[in-house]
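Colleague:
Numbering (this note's numbering), first residue to last: 71 to 923.
Encoded structure:
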C-alpha cells in the first residue's frame, strides 16, 4: 500500500526522471495579489504562464500545498472535499504539449501507481479533436471511455481575458455501489472521482472574447493527493487515509464520540479534522486571525471548528490538541509544523478561547431569534452577533440555514454601514484579543494604570493588583501595579518570564494590553497568588535581548529601504520576535538583487558605527518637526516616544531597543516578496541567528568547493568552467548527432526504391527517429518509414511524406497499432510509438506492402 510520502516522492520522481525540475512547495500566502491564498498548484508559476518572467526551467514538477474555502459548506458533509490539500503537478513552459502530457499522465497512473486502466475514464473539451486522437493513441485507452464535455467542465481560463485552453480530466470509477453508470458525463458524482486534470494552455482570450494562439503552448496539471490516496490505499474515504485518520482519532478522543456513531457527529468530526489541518498550515505560513483578508478567513475556519466542538458538548479548547495531531501527521512533509508548533498552538488557542467566551451567549441570542416564528433572523440581531459576540455573518447564516431559516443580510449591511467607524473597530479588536473589556475598565478605574518599568529594569518588586480567570483552562490573567514585562504592541511580541510571591509562582506565557493603561500577564500558576501580595516580576532576559536586537534591526532596515528605494517606502506592518523580524512596506515592485544587497549593506553599515540608540519623550508636534516617522496605523497621544537609531533612523516607537547599534550584530536578509498590491515583505535575522545562517551558508559553500576541488573563493569561476564545458559538450554532441543522422540519411536515400525508404534503426528515441526520417525526405525521397526500439522495451515509428497521396500522420498511427501503440502528427511528418518490439519487422513489412517498396 502506498502512503502519502511515497505518493509525493513517486510523483515528483517520475517527472524528474523525465527532465522536470523538482520545485519545492511555495507558501500558502501567494505573491499573486489577485488571490488571498495559493488555491492551485499553478499559482506560483503564474508569472511564467503569463510571460511576465522567463521560467527558470522548461518543465517542472511540484507538490504544492493549497488552501481553498469555496467549498467550505460541503466540508464534512461528504468524504471527498477538504479545505487544505496538496496538489501534485507537472508543468511545461513552452516545452512539450498534449502529445507528451497525455501519455505521461496515463503511464504514471497505470504503470507507476498501478491503477486499473479499466476503471479510468477521460473527459476532453467538446471540440478538442487533437486531444481525442492522442488519447486514443495511448495503449489501453478505449474510445468509449473518452467523453466530450463543454466549457463549464473542460475549458480552463485564468480570467475573463488572457491565457486559456481546453483541459482533459481523468476520473476513477469507484464502482456501482457509489452511483449510476455512464462515466463522468452522465454517471454519479460520488462514483466517478476526478483524480488528475491536464490543462492545455494554448489560447489568448481578447476583450471581445475572440481567441488567438499563444506564442508558445504550455501544460499545467494537477492531481489531488487527497483524491488519489484513497484509491491507492483501497479505502472508501479520504478520512480513512493516514493524512486524516490520526487527526480524526484525536477529534474522537476530544469529543468522546466514535466516528460512525451517528451521522450528525460524523459531520462535526470530519469538520474538526479538516479545519485542524487548514488552520495549522495557514498559521504556520504566517497568517494571524483578524477581521479582514486572510486573517478573516483563518478566523472563520477556527471558529467553525470551535462551534462544532461546542455542539458536541466539548467544554475544553480543542484546537491546540488538534493542530498537534496535524504536526504529527504532516510534520515529515512540512517540518515547519513541528518547528513552529508552539506558536501555532498559541495562535489557535487564543482565537478559540476568545470565541468560546462569547459562543454560548451568542448561541442563546440566535436561538431566540430562530424561535420567534418569523422564519428570518433580523439584520440587527445578525449585526449584534457580529459586533458584540464576534460571529462572522457567514457563521450566523450557516447556523440559520441548519435551522431552515434565512438571515436579513440587507439589514445586516445597513447596520454595518451605520456603525463601522475606526474607534469602534479598534475597541472590538481589543475585546476579541482579551475578552470583555468592561472587567478591565472597571479594574483600571479602581486601581489606576499599570506602570511599565521595563525600559530600565528586567526585574521589578511589585504588588499584585488582581488575579483573573484566564481564557484558557489552567491559566490566569495577572495585573500588577508596575511591571518590567513589555506588552505586545507595535509589532513587538509580549515578554515572558516569572512572577513570584510567598504563596505561588506564575509562569508568564504572554503579556498584553487589556485596555489602554492596563497590562495583563497571561500565565500558568503554581500555588496561589492573591491581590495585595508583594511579588517579584522577572522577565526572560535572553528572550528580551534577542527581541530588542531584532526590533532595532527593523528600524535600520526601514531607513535602509528608504535610502535605496525612496521616501515612498513606509511601514505597513511588522512582527518582531526573539528569532526573527518581519517588515511589511509599501513599494510597487519586487526588489532587484542589487537593490536588496544595497539595503542589507546600508543597514549593516549603520550597525558598524555602533552609534548610541537614543529615546526621546516629547510632544507629537515636536517629534514630527524633528522628522520622526510614524508607523502605519498606530495611534499616538500628545506625548510620544521617539527612537533615534544612528544617523538615518528616527521613528515614533514604544518598543524596546538595544543601547548601541553594534549590539545588534550582523543583519541578514532571509527573504523578500510580495504580500499584496504595492506591498512587500522582508524577513531577516540578527545576532546569533544571523551568525548561524551565515555559518550554514559557509558550510554549503565549502561543500561545493570540495566537490569542485577548488578553494571557496574560486567556486564561481570553477562552476562557470564546468557549465561552459557542459554547454560545449552538449553542442558538440548535438553536432555529431546531426552529422551522423545526415550521413545515415544520405546513405539510405541513395538506396531508395521507387522513391521510398523503409528502414529499421534501433537505438534512437522518437525525436531522433523523426529527425532521421525528415533528413531522408529532404534528399528527394517521396515517402520514408523508419522504425526501431530505443531500449529493447519500446517502439518508435516515424513517417515523412512528400506525396500528397500518403498522409504521414494516418500512416504512423496505423502502423503503430501493430506494436500495441499509437500516435500521429501532420500529413508531412509524424511520430508514433508502441510497446511490443517483437513486432517491429511486421511494421516494416506492412509499410513496404502499402508503399510498394
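Positions of the beta carbon are idealized from the N, C-alpha and C atoms, including for glycine. On a predicted model such as this, the values are computed, not experimentally measured, just so you know.
Assess, as a yes-or-no matter, whether the stretch 410-419 is touched by the stretch 347-359 under the definition of 3 or more beta carbon pairs within less than 8 Å.
Modeller: Touching, yes.
Colleague: Please tell me whether residue 183 has its Cβ less than 8 Å away from any Cβ of chain B.
Modeller: You won't find chain B in this structure, because it holds only one protein chain.
Colleague: The alpha helix (DSSP H) with residue 543 in it runs from where to where?
Modeller: Residue 543 -> no alpha helix (DSSP H), and no H or E assigned at all.
Colleague: Give me, in chain order, the residues of the same chain whose beta-carbon lies closer than 8 Å to that of residue 196; leave out the 5 immediate sequence neighbours on both sides.
Modeller: Excluding positions up to five away in sequence, the list reads 218, 219, 220, 224.
Colleague: Could you spell out the range, first to last residue, of the alpha helix (DSSP H) harbouring residue 366?
Modeller: Run containing residue 366: 363-381, per the alpha helix (DSSP H) assignment.
Colleague: Have a look at residue 855 and residue 867 and give me their C-alpha separation to the nearest angstrom.
Modeller: Straight-line Cα distance between these residues: approximately 7 Å.
Colleague: Taking only runs of the beta strand (DSSP E) that begin and end inside the stretch 581-620, which ones reach a length of at least 3 residues, in chain order?
Modeller: List check, beta strand (DSSP E) in window: 588-597, 604-609.
Colleague: Residues in the same chain with beta-carbon distance under 8 Å from residue 503, minus the five sequence neighbours each way, listed in chain order, please.
Modeller: Any reading at residue 503 must be qualified, since the residue scores a pLDDT of 43, below 50, and its modelled position is unreliable; the value itself is stated next. Only 420, 424, 582 meet the Cβ criterion.
Colleague: Just to check my reading of the structure: residue 898 and residue 871 have Cβ atoms closer than 8 Å, yes? What is that Cβ distance to the nearest angstrom?
Modeller: About 6 Å separates the two Cβ atoms, so the contact holds.
Colleague: Could you tell me the alpha carbon to alpha carbon distance between residue 641 and residue 585, rounded to whole angstroms?
Modeller: Roughly 25 Å between the two C-alpha positions.
Colleague: What three-state label does DSSP hand residue 310 in the structure shown?
Modeller: Helix at residue 310.
Colleague: Quick check: what's the CA-CA separation for residue 825 versus residue 794?
Modeller: Going from the Cα of residue 825 to the Cα of residue 794 covers about 44 Å.
Colleague: Assign residue 776 to one of three DSSP states: helix, strand, or coil.
Modeller: Looking at residue 776 - three-state DSSP - the assignment turns out to be helix.
Colleague: Helix or strand or just coil, what does DSSP make of residue 226?
Modeller: Strand at residue 226.
Colleague: Rounded to whole angstroms, what is the Cα-Cα separation between residue 92 and residue 85?
Modeller: Whole-angstrom Cα-Cα distance: 8 Å.
Colleague: Compare the beta carbon distance of residue 878 and residue 896 with 8 Å and say whether it is the shorter of the two.
Modeller: Yes; because the gap between Cβ atoms is below 8 Å, this pair is in contact.
Colleague: Sorted by chain position, which residues of the same chain lie with C-beta nearer than 6 Å to residue 648's C-beta, five sequence neighbours on each side aside?
Modeller: Around residue 648: 613, 616, 617.
Colleague: With distance defined between alpha-carbon atoms, name the residue in 726, 468, 608, 126 nearest to residue 144.
Modeller: When only C-alpha atoms are compared, the closest one is 468.
Colleague: Identify the continuous beta strand (DSSP E) that holds residue 233 and give its terminal residues.
Modeller: Per DSSP, residue 233 belongs to the beta strand (DSSP E) from 232-243.
Colleague: May I ask which residues mark the beginning and end of the beta strand (DSSP E) holding residue 879?
Modeller: Residue 879 -> not in any beta strand (DSSP E); alpha helix (DSSP H) instead, spanning 878-886.
Colleague: Using the C-alpha atoms, what's the distance from residue 88 back to residue 782?
Modeller: Distance between the alpha carbons of residue 782 and residue 88: 33 Å.
Colleague: I'd like to know if the stretch 618-633 and the stretch 669-678 are in contact, where contact means that at least 3 CB-CB pairs between them fall below 8 Å.
Modeller: Flag = yes, the stretch 618-633 and the stretch 669-678 touch.
Colleague: Measuring only the C-alpha atoms, how far is residue 385 from residue 472?
Modeller: Rounded to whole angstroms, residue 385 to residue 472 spans 22 Å at the Cα level.
Colleague: Please report how far the alpha carbon of residue 498 lies from the alpha carbon of residue 539, in whole angstroms.
Modeller: Low confidence applies here, because residue 498 scores a pLDDT of 44, under 50, leaving its location unreliable and the question unanswered by this model.
Colleague: Counting along the chain, where does the beta strand (DSSP E) carrying residue 207 start and finish?
Modeller: From DSSP, residue 207 is part of no beta strand (DSSP E); its letter is neither H nor E.
Colleague: DSSP three-state label for residue 82, please.
Modeller: It is helical.
Colleague: Are the beta-carbon atoms of residue 302 and residue 266 separated by less than 8 Å?
Modeller: Taking 8 Å as the Cβ cut-off, residue 302 and residue 266 do not qualify as a contacting pair.
Colleague: Who are residue 298's beta bridge partners in DSSP?
Modeller: DSSP lists no partner for residue 298.
Colleague: Can you name the start and end residues of the alpha helix (DSSP H) that residue 338 belongs to?
Modeller: Taken as a continuous stretch (DSSP letters only), the alpha helix (DSSP H) holding residue 338 covers 333-354.
Colleague: How many Å lie between residue 371 and residue 360 at the Cα?
Modeller: Distance between the alpha carbons of residue 371 and residue 360: 12 Å.
Colleague: Which residues bound the alpha helix (DSSP H) around residue 840?
Modeller: Its alpha helix (DSSP H) spans residues 836-848.
Colleague: So for residue 273, helix, strand or coil by DSSP?
Modeller: Strand, per DSSP.
Colleague: Kindly indicate the opening and closing residues of the alpha helix (DSSP H) around residue 833.
Modeller: From DSSP, residue 833 is part of no alpha helix (DSSP H); its letter is neither H nor E.
Colleague: Can you give me the C-alpha to C-alpha distance between residue 449 and residue 481, rounded to a whole angstrom?
Modeller: Computed Cα separation, rounded: 4 Å.
Colleague: For the pair the stretch 154-168 and the stretch 293-307, tell me if three or more CB-CB distances fall below 8 Å.
Modeller: They touch, by the three-pair rule.
Colleague: Nearest-angstrom Cα distance between residue 136 and residue 97?
Modeller: Cα to Cα, the separation comes out at about 9 Å.
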